[in-house]
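One gets this note's numbering by counting positions in the sequence shown from 1 and adding 877 to each.
To start, the structure under review is shown below, and the notes come after it.
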Amino acid sequence: MSAPAEATISAPPAEQLPAVIEALLFVAEEPVTAATLARATGVAEGAVRKAISQLREACRTRGLRLLEDGRGYQLVTAPEFAPYVERFLGGADGPRLSRAALETLTIIAYKQPCTRAEVEAIRGVNCDKLIQSLEQRGLVAVAGQADAPGRPKLYRTTAKFFEYFGLQGPHELPPLPEEPEPEAEDPF
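Printed below as a string of structure tokens:
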């Protein structure tokens, strides 16, 4: 009997490492950590990070982007080519987000992790069904429970959220506009 395949595979040369990582990310269904990529390729994590940087640069002129979120790395469609992919696949993934859903999603994105009650305090209306819909679409997920009475769920955005909006991660969210100072009321 022959040795397991992984024992017979040697680490790729440094110049091939970005292509090897690209192949691994292409077949991965979920984001992959640098540590996992290091184990799969047989090279040090530092070498993987360097190769990821090279791959990210190479992807800038391609139809794919290298997305990094809190869970790892993933290849996603470049946002500028998304309309072609949607047409090829037969339309967008369900109906477009409503204004109310976008408002709710925006609050979660900027306040994450946050509770439903926090979202409702900002929007001023019940958001139960909206959050449930955003969860079903995979745009938000439960991130734990708040250390508050009743232990309410905490919500956060997902990798699919960042992919949907063509962002690398929360650091690419546009800054919120400054709120104008409230004008002092004239007592007369």
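For glycine and all other residues, C-beta sits at the position ideal for the given N, C-alpha and C.
{"Check": "Take the Cβ of ALA1036 as the centre, count every other Cβ of all protein chains shown within 10 Å, and call the residue buried at 16 or more, exposed below.", "Outcome": "buried"}
{"Check": "List the whole-angstrom C-beta distance separating ILE984 from ILE999, where the pair is believed to meet the contact cut-off of C-beta under 8 Å.", "Outcome": "5 Å"}
{"Check": "Measuring CA to CA, which of GLY919, PRO956 and ALA911 is closest to PHE1042?", "Outcome": "PRO956"}
{"Check": "If you follow the alpha helix (DSSP H) that LEU867 is in, where does it begin and where does it stop?", "Outcome": "This structure gives no information on residue 867, because the portion of the chain shown stretches from 878 to 1065."}
{"Check": "Provide the residue(s) that pair with GLU945 in DSSP beta bridges, ordered along the chain.", "Outcome": "TYR950"}
{"Check": "Tell me the residue span of the alpha helix (DSSP H) that contains ALA986.", "Outcome": "976-988"}
{"Check": "Would ALA1020 and ARG1033 qualify as a contact pair, given that the criterion is a beta-carbon distance under 7 Å?", "Outcome": "yes"}
{"Check": "Quick check: what's the CA-CA separation for CYS991 versus ARG973?", "Outcome": "24 Å"}
{"Check": "Where does VAL996 fall in DSSP's three states?", "Outcome": "helix"}
{"Check": "Output needed for THR954: all residues of its chain with C-beta closer than 6 Å, excluding positions within five of it in sequence on either side, in chain order.", "Outcome": "VAL962"}
{"Check": "Work out the CA separation of LEU914 and LEU901 for me, nearest whole Å.", "Outcome": "8 Å"}
{"Check": "Is GLY923 helix, strand or coil when you go by DSSP?", "Outcome": "helix"}
{"Check": "Indicate the three-state DSSP secondary structure (helix, strand or coil) for VAL962 in the structure shown.", "Outcome": "helix"}
{"Check": "Note the first and the last residue of the continuous beta strand (DSSP E) segment covering LEU1031.", "Outcome": "1030-1034"}
{"Check": "With DSSP as the reference, label ALA1020 as helix, strand or coil.", "Outcome": "strand"}
{"Check": "Check the C-beta distance from ASP1005 over to ARG993 and give it rounded, since I have them as a contact under 8 Å.", "Outcome": "7 Å"}
{"Check": "Between the region 905-913 and the region 930-939, do three or more beta carbon pairs fall short of 8 Å?", "Outcome": "no"}
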